[in-house]
Amino acid sequence: MLDILPQLLVSGLLIGGVYGLLSIGLTLIFGMLRIVNFAQGEFIMFAMFGAFWLHALWGIDPYLSIFIITPVVFGLGQLIERVVIKPILHAPHAMQIFATFGLSVVLQNLALTFWGPDYRSVQTSYTSQSFIVGNVAISATSLYAFLVAFLMAGALMAFLQFSRDGKALRAMVQNRYAASLMGVNTDRLNRLAFGAGVAYAAVAGCILTPIYYTYPTAGVDLIITAFVVVVLGGLGSVAGAMVGGLIIGVTQTLTGFFISVELKDVIALVLFILILLIRPQGLLGRAGMEEVGTK
Amino acid sequence: MSALFNDYYLNIAVMTCLWAALSGAWNLMAGYGGLVSLGQSAFFGIGAYITAIVYTKYGLSPWLGLIAGIFVTTGLAVVISWPCFRLRGAFFSLATLVFPIAMEIVANNWSDFTRGPSGIAIPFRPGLDTFIFSSRWAYLIAAFVLMMMVYGITRWMHRGKLGLYLIAVRDDEATAASAGINTVKVKLVVTMISAALTAVGGFFYAQYILFLDPPSVFSIDISVQIALLSIIGGLGTPLGPIVGSLVMTPLDGVLSQFFGGGPRLLIYGVALLAAVLLAPKGIVGTMKAWRRS
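Chains A and B, in that order, are what the protein sequence lines are.
Every letter in the first sequence is one number past the one before it in this note's numbering, and letter 176, counting from 1, is 176.
Convert by adding 295 to the 1-based position in the second sequence; the result is the number in this note's numbering.
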């Protein structure tokens, strides 16, 4: 029983990395705009369909399609920010929630209308390939996803820390009004942050295509996990999203094996409620963050 | 033919009243208390399931199921509130989203009681004691009474102390607390009222549709639909949910006749977006603003 533990831990960490990647965009948008983007999963789903079609029609590798789909979604995100997000930035919560919820319903059903409810999958030469280290098998696609997740998280943290726009974004989070007085163009930065947030969803979608099925409600099923991860790690914290992802991934894998598969989904929800009770700002979130979300 | 035709419109009328009642119960929490719950379908589904289980498994009157459903959901409201009231705004909504998902998993796996994914079919035995009627007119009267009951409670709250307390808590909780309002108690009371009314809606749904399975009552779509009607009609107004349901439920009936799931929900989503972006005060609020100007 115990000799399978290393395998379970590795599988859990790998899937956890993917969870982290799914959650980075969500946490970025919340951290910068104070908006919970309920449509984030639909951006992931659209990217998955994009990667699927690029592969089906022109045989473009899903990993290569990252470089095509991400800029497109980045542009689309900027447009959507202008039309949907900007008008509700200072609206009551109910309106903020249902604006992004409405967006999610629209995107989901656009996909359903155009492409139907079927489950699709992309078969590549490396789909079922795996590396054997000792007595642990590492799936190639999960390993690539894991590496990309950490690369992308690192890139974002470096961007926020060192670049001019990153510094301006952090200033804007601290005090929007003061930042705009210092010459920070908050309208442009909001667009940039939302565009970048959904672009991260696009990367996650492309990376997921060889691992996961592509279907119109894929986003809904993924986003629930992402919510749990983000709340666990701390809404607004990029490092928190990665740590939260790893914890959820390992917990789910272990519960699924040692207790029961049905409980695997419940355990994440239980963790979610527990963390809200004990430490509502999340593991790496700043105290009071869950309250700031209100104003 | 004409009877069939009639039944079709009667069904839409029944559903309009039922959705208005459910949305009205949500409006108490969200419109007045600022508690934007996305978990109403947990109360709805539990109300429906308990009714069906009491009736089909134990052979008791569904009215007993209604009473049990009200007790369980108000109890659950207290349990849910305990972690969730510490959270604000979008965080509260995120947390409430979890409960119907958890309930759906429970209903799918606790097959001894819920018959799992295959669902519960409720035998058709008309009578007042079973709350099953052969004429849809009877259902329409009952649904109308339920809708007016929710409206009445909302009006009573709107004018009374509880409503004022709630609005104070919604607009600024810290100030409300410093003015001597027991904010937790006020929020708890409204959540319990809302849960109980939603459970009554679930009871009605079970005895009207006569079939339940986990996705048909616990789905997030139901929580969204409930909220959508109030937002389109006018959040925080007694008439809002009724107006929203009068506009949207018949429209939904027509749309589902002509389109499948995809385009129908697409139009729905666009309506929701348009309502939020163009008329955030809803139909009732916008009309009021016009009349004043």
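For each residue, glycine too, the CB sits at the ideal point set by N, CA and C.
Just so it is clear, the structure is predicted and the values come from calculations on it, not from any experiment.
Asked	Found
Chain B within 8 Å of A:L277, Cβ atoms only	yes
Chain B within 8 Å of A:D302, Cβ atoms only	The shown model of chain A, from 1 to 295, leaves out residue 302 of chain A, and the question about it has no answer.
Residues near B:Y303 by beta carbon distance below 6 Å, same chain, minus five either side	none
Residues near A:A204 in its chain [Cβ-Cβ closer than 6 Å; skip 5 each side]	L21, L22, I44
Residue closest to A:L284, alpha-carbon to alpha-carbon, out of A:I69, A:L232, A:T100, A:A226	A:L232
Same chain only: Cβ atoms within 6 Å of B:S388, ignoring 5 sequence neighbours per side	V331, L333
For A:W58 and B:I436, the rounded distance between their alpha carbons	59 Å
Beta-carbon neighbours of B:N404, restricted to chain A and to distances below 7 Å	E262
A:R188 burial status per 10 Å Cβ neighbour count (16 or more: buried)	exposed
Interface partners of A:A91 on chain B, CB under 7 Å	P575
Those residues which DSSP pairs with A:S130 across a bridge	A:S139
Per-residue DSSP class, three states only, for A:A51	helix
Neighbourhood of A:L263 by C-beta, 6 Å cutoff - its chain only, sequence neighbours within 5 removed	T255
B:V393 - containing alpha helix (DSSP H), residue span	384 to 404
Chain-order list of residues whose beta-carbon lies under 7 Å from that of B:T486 (same chain, five-residue window excluded)	M324, L330, A372, S376
Any chain A beta carbon closer than 8 Å to B:L567	yes
Cβ distance (whole Å) where A:V198 is taken to contact A:G25 below 8 Å	6 Å
Buried or exposed (CB count within 10 angstroms, at least 16 for buried), B:A494	buried
Closest by C-alpha distance to B:G564, when choosing among A:V105, A:V220, A:Q281	A:V105
Same chain, Cβ closer than 8 Å to A:G293, five either side skipped, listed in chain order	Any reading at A:G293 is ruled out, since the residue's pLDDT is 38, under 50, leaving its predicted position unreliable.
Under the three-state DSSP convention, the category B:I527 falls into	helix
Members of the region 57 to 83 of chain A near chain B, C-beta cut-off 9 Å	V83
Nearest to A:L54 (by Cα), restricted to the options A:Q123, A:V18, A:G134, A:L89	A:Q123
Within chain B, the residues that A:V10 reaches when beta carbons sit closer than 9 Å	Those do not exist, as A:V10 stays about 27 Å from chain B at its closest Cβ, beyond 9 Å.
C-beta atoms of B:L523 and B:C312 nearer than 8 Å	no
B:L492 at chain A interface by Cβ criterion, 8 Å	no
For A:R120, the three-state DSSP class (helix, strand or coil)	strand
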